[in-house]
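Start counting the sequence shown at 26; every next residue gets the next number (the numbering used here). Encoded as structure tokens, the structure appears first; notes follow it.
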Amino acid sequence: MVVALIIACEVGFWVLLALGLGARYLLKWRRTSVVLLLCEPVLELVLFAVTAWDLKNGAEPGWEHGLAALYIGYTVAYGHYTIRWLDGHAAHRLAGGPPPVKPPRYGMPRARHEGGLWLRTFLGAAVACALLQGAVWYVGDEGDVSSLRSFQWTALRVVGIHGLIALTYLIWPKRGPAGSAPKGRGAESTCGSAAWARPATAEQQTKDGTGPRRHQRSA
């Protein structure tokens with residue numbers, strides 16, 4: 026039952042997201058879209074309640090309960106991030122908005138971006154471990170909690186592996202193509218050079234003394 030509910034929550038997440046974005050950008054029902062998107066956290070609450078109810082009724086702690094904890098942790102950490110990312114693409118595709126800003130690819134900006142993603146992974150793992158620990162305390166000595174402990178270690182391993190990957194971008198920053206200029210620098214320099222290349226007006230030339238001199242008539 027828990028596995029089926031996890032699948033239902035995942036399907037419901039994408040269905041609610043599609044309905045919310047469609048209502049916002051196709052039907053122009055902004056309030057309706059907000060209500061639909063606010064229903065997303067309800068799915069995690071339902072999954073948490075059903076998982077706790079299943080354990081309360083004497084179910085043996087298993088991998089499905091650990092998977093439910095990991096899923097809740099992931100949606101807490103990355104759910105809003107995913108919604109915001111898709112909202113930017115929907116606004117661009119359906120409402121003529123500006124294209125979404127792409128994440129940086131090179132240098133320290135890329136390292137900071139990867140560090141931010143790692144912090145989200147750390148948050149998700151912390152939520153999952155806290156839920157699993159609560160389940161361990163709830164079950165106590167009445168059941169085998171080895172599967173719950175193993176999922177805690179899985180969450181910690183994911184944090185460690187992701188942390189090492191993010192650290193490589195800090196220690197060895199990814200370099201951009203040779204001769205590439207920062208975005209927007211070329212346009213600014215071109216406009217600046219064009220502005221300085223404009224010829225001075227006749228009045229300015231006369232004041233500066235650089236304009237054509239009139240021949241004075243001899244007395």
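In this text, a Cβ means the ideal position worked out from N, Cα and C, and glycines have one as well.
Nearest by alpha-carbon distance to residue i: which of the options is it?
{"i": "L144", "options": "H117, L157, V184, S58", "result": "V184"}
{"i": "T76", "options": "L195, L189, D112, V164", "result": "V164"}
{"i": "L62", "options": "E69, L46, A115, G83", "result": "L46"}
{"i": "F147", "options": "T179, P125, W162, L68", "result": "T179"}
{"i": "S174", "options": "L68, G159, I186", "result": "The amino acid occupying residue 174 in the given sequence is Arg; Ser does not appear at that position. Checking every option, the nearest Cα to that of R174 belongs to G159."}
{"i": "R49", "options": "A116, A29, L156", "result": "A116"}
{"i": "P129", "options": "I32, C154, R200", "result": "R200"}
{"i": "F176", "options": "V126, C64, C154, L192", "result": "C154"}
Using the Cβ count rule (16 or more neighbours within 10 Å means buried), how would you classify residue i?
{"i": "G121", "result": "exposed"}
{"i": "V40", "result": "exposed"}
{"i": "Y99", "result": "buried"}
{"i": "G149", "result": "buried"}
{"i": "E65", "result": "buried"}
{"i": "V126", "result": "exposed"}
{"i": "A93", "result": "buried"}
{"i": "L119", "result": "exposed"}
If you drop the 5 nearest sequence neighbours on each side, which residues of the same chain put their C-beta closer than 7 Å to that of residue i?
{"i": "G37", "result": "L68"}
{"i": "P124", "result": "H117"}
{"i": "Y103", "result": "R145, G149"}
Using beta-carbon positions only, say whether residue i and residue j come within less than 9 Å of one another.
{"i": "P80", "j": "G140", "result": "Note on residue identity: the sequence assigns Leu, not Pro, to residue 80. No; because the gap between Cβ atoms is not below 9 Å, this pair is not in contact."}
{"i": "L111", "j": "L42", "result": "yes"}
{"i": "V152", "j": "I97", "result": "yes"}
{"i": "L30", "j": "V71", "result": "yes"}
Excluding sequence positions up to five away, which residues of its chain have a Cβ less than 6 Å from the Cβ of residue i?
{"i": "V161", "result": "V170, L173"}
{"i": "G188", "result": "W143"}
CB-CB under 8 Å to residue i, same chain, minus the five flanking residues each way: which ones, in chain order?
{"i": "Y106", "result": "R145"}
Taking contact to mean at least 3 C-beta pairs separated by less than 8 Å, is the segment 82–90 in contact with the segment 51–60? no
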